[in-house]
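Following: one structure in C-alpha cells, then a few remarks.
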Ligand code: SAH
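Numbering (the working numbering), first residue to last: 11 to 255.
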C-alpha cells in the first residue's frame, strides 16, 4: 500500500503562516478532505481532488480519508490552525480505532500548524507568558456544566486562559454567563483581549477589563484571551510577567 493520510493545519489565515512541511505535503497529495472554508484555502491543481464537507461531520470525513488511503490515495485532512487543537487529528484517530484492523498499518502522520491561540497572543503582546489553560467554550461535545467548572477552577488557580469557539448564534447566552464566572473567579480588573480574524484583512484586536467586557465583543472568528492577576499593559501591548509570587 502506498497510500497515506496526513492531518495538517493551515494556520490562522495568512498564507505565509502555513508551515513549509504542510505546503510540501499538499503538493504531493491526490485528495484533500476538510470543512468547506478550509478546503477552499487549498489551491486547486490537476490531479488533486478537493472533498469539501459540512461542519460537524468530522468522524465521517476522517473515515472517508482512511478509506481513500487504504485504496492507495495520498490524502491530506486539513484543519485551520493546528490539527491537534479542537480539530481533525483526534477525529482521525477515533475513526482509526472504530475501523477495520487493517487500517492500523496505514501511514498516518500529523503535521503541526500555528494555532489561533498563539497567533492571537503574538498580536496582543505576550499574554500567555506564564501558566495558562486553553478551553473550548462550545458545548457541542461536552456539557455546559463542565465548561463552567473548568472556567471557575482555572480562574481561581490563577491561570491565564485562551478560549476557542467563544460564542455562536445557536448559544447566545453562554458567553455572557462565562464572563460572569470569570469576573467572580479572576476579579473585575483582570484584562481580557478579543482577537478577531487574526492574520486576515479583517483582523481586529481589542483589550478591556473584565468589568468592561460585553458578550458582543466575541463571535465565532474571535479568540478570547483572559490574563492572570499580574497581566498588564505596556504601551500598546499586553503582557504577563514570567514569574508569579
Ligand atoms: N484547530 C484550530 C481551532 C479550531 S476551533 C486552531 O488550532 O486554531 C475554531 C476557533 O478557533 C474559532 O471559533 C476561533 O475561536 C478560533 N480561530 C480560528 N482561526 C482564528 C483566527 N484567524 N483569528 C481568531 N480566532 C481564530
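Cβ atoms here follow ideal geometry from the backbone N, Cα and C, with glycine treated the same way.
query: Sequence-distant residues of the same chain with beta carbon closer than 6 Å to residue 41, five excluded per side; result: 59, 78, 83, 85
query: With 16 other Cβ atoms within 10 Å as the buried cut-off, status of residue 209; result: buried
query: Proximity below 7 Å, CB of residue 241 to CB of residue 250; result: yes
query: Coil, strand or helix - residue 127 by DSSP; result: helix
query: Same chain only: Cβ atoms within 7 Å of residue 31, ignoring 5 sequence neighbours per side; result: 121
query: First and last residue of the uninterrupted beta strand (DSSP E) at residue 82; result: Premise fails: residue 82 is in no beta strand (DSSP E) and is neither H nor E.
query: Endpoints, alpha helix (DSSP H) assigned at residue 62; result: Premise fails: residue 62 lies in the beta strand (DSSP E), 59 to 63, not in any alpha helix (DSSP H).
query: DSSP-derived helix/strand/coil call for residue 219; result: strand
query: Of the residues 166, 182, 246, 115, the one placed nearest residue 148, counting alpha carbons only; result: 182
query: Neighbourhood of residue 169 by C-beta distance below 8 Å, restricted to the same chain and skipping five residues each side; result: 141, 142, 143, 238
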